[in-house]
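Participant:
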Amino acid sequence: MAVITMIQAQQRAGRYNIYVDGHYAFPVSESVLVEFRLFKGMEIDQQLEAQLSAADDVAKAYNRALDYLSHQLRTEKEVRTKLADLDIEPTVIDATLARLEDLKLVDDAHYAASYVRTMIRTSDKGPRVIRQHLRQKGVLERPIDDALQLYSADQRLAVGTAVAQKLAKRYQRQAFHTQEQKIRQGLITRGFASDEAQAMVTALALKPDADQQAALLAKQGEKLWRKYRTLAASERRYKTKQALYRKGFGLDEIDHWLTSLTED
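At position 257 of the sequence shown (counting the first as 1) the number is 257 in the UniProt record's numbering, and the numbers step up by one without a gap.
1. Is VAL159 close to the ligand ZN? I mean its beta-carbon at under 7 Å from any heavy atom of the ligand.
2. Give the straight-line distance between the Cα atoms of GLN172 and LEU69, rounded to the nearest whole angstrom.
3. Would you call the stretch 89–97 in contact with the stretch 113–132, where contact means no fewer than 3 C-beta pairs closer than 8 Å?
4. Does LEU249 come out as helix, strand or coil in the three-state DSSP assignment?
5. Can you give me the C-alpha to C-alpha distance between ALA210 and ARG229, rounded to a whole angstrom?
6. Answer with buried or exposed for VAL34, where buried requires no fewer than 16 other C-beta atoms within 10 angstroms of its C-beta.
7. Under three-state DSSP, which class holds ILE4?
8. Give a yes or no on whether the C-beta atoms belonging to LEU140 and GLY160 are separated by under 8 Å.
9. Taking the CB atoms as reference points, tell me whether residue 319 and MET119 lie closer together than 8 Å.
10. From GLN8 to ILE18, what distance separates their C-alpha atoms?
11. Buried or exposed: ALA232, going by 16 or more other Cβ atoms within 10 Å of its Cβ?
12. Helix, strand or coil for GLU18? Go by DSSP, reduced to three states.
13. Find out if the Cβ-Cβ distance for the pair PRO143, GLY191 is shorter than 8 Å.
14. Could you check how far apart the C-beta atoms of ALA147 and ALA193 are, in whole angstroms? I think they sit under 8 Å.
15. Just to confirm, are LEU251 and TRP225 a CB contact at a threshold of 8 Å?
16. Kindly indicate which residue of ASP108, PHE36, SER152, LYS182 has the alpha-carbon position closest to the one of LEU73.
17. Using beta-carbon positions only, say whether ARG80 and LEU97 come within less than 8 Å of one another.
18. Which residues does DSSP pair with ALA113 in a beta bridge?
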């Protein structure tokens with residue numbers, strides 16, 4: 001039976017060359033060296049050599065994964081994708097992930113909880129968008145559900161109300177109905193439920209500035225009135241009224257403006 005005749009450290013830290021019967025045979029990592037208790041004079045057969053080679057593949061993939069994980073938390077899917085991009089065999093990836101999960105270095109439940117806490121603290125996103133992001137990262141529904149329990153109703157209201165206030169300033173020169181509609185839609189787009197979005201809009205207690213709304217209506221109306229100047233009077237009036245209504249102005253306000261309008 002073949003015998004290990006020399007174990008030589010490589011220049012690269014943690015790597016060793018194994019010599020069998022006086023000839024170089026294969027390299028191993030330090031973890032494999034320790035796990036299999038390799039020593040000079042140890043007998044080795046083809047089966048053991050295959051086991052050593054497989055273990056070394058996992059050790060190299062494990063170290064690659066540790067490098068990837070050193071910068072930030074990752075999901076299982078992200079680690080699998082990274083290792084696959086490095087052309088590592090699927091069986092080796094499976095074994096590597098099993099080791100990482102045993103050591104809690106990859107834990108999707110922990111990742112989801114950490115992600116939710118960070119999003120609450122640093123973003124303006126609601127639960128639905130956070131759920132979507134976690135799904136894209138490969139986290140399953142149960143860990144996502146558990147993590148989102150950390151996002152309390154009070155926290156959602158605080159985050160959402162801050163968003164609503166910013167949106168109110170952005171759309172303050174819109175028709176009042178349109179302003180409320182866009183604020184509500186902005187909140188829903190950011191991941192808040194429609195009923196929560198409505199509650200946040202209501203909490204703002206917005207009130208239209210009559211003078212500002214009249215000025216906005218007149219400005220928009222004059223543009224439309226000129227646009228439809230080639231139409232018959234009744235058609236021109238109808239088209240202008242319809243367009244202003246779609247922009248969020250009230251019918252009474254539109255009628256009042258049209259009544260006061262002097263046709264060109």
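Glycine included, C-beta positions come from ideal geometry on N, C-alpha and C.
Facilitator: Answer, in terms of the structure:
1. In the structure on display, the ligand ZN does not appear, and there are no ligands present to speak of.
2. 45 Å
3. no
4. Reading off the sequence, residue 249 comes out as Phe, not Leu. PHE249: coil per DSSP, three-state reduction.
5. Between the C-alpha atoms of ALA210 and ARG229 there is a straight-line separation of about 28 Å.
6. exposed
7. Assigned with DSSP and collapsed to three states, ILE4 falls in strand.
8. no
9. Here the chain covers residues 1 to 264 and nothing more, so residue 319 does not appear.
10. 7 Å
11. exposed
12. For clarity, residue 18 is Ile in the given sequence; the question names Glu instead. ILE18: strand per DSSP, three-state reduction.
13. It is not a contact, given that the beta carbons lie outside the stated cut-off.
14. Actually they are not in contact, since the Cβ atoms of ALA147 and ALA193 sit about 17 Å apart, beyond 8 Å.
15. no
16. ASP108
17. Going by C-beta atoms, ARG80 is nearer than 8 Å to LEU97.
18. DSSP lists no partner for ALA113.
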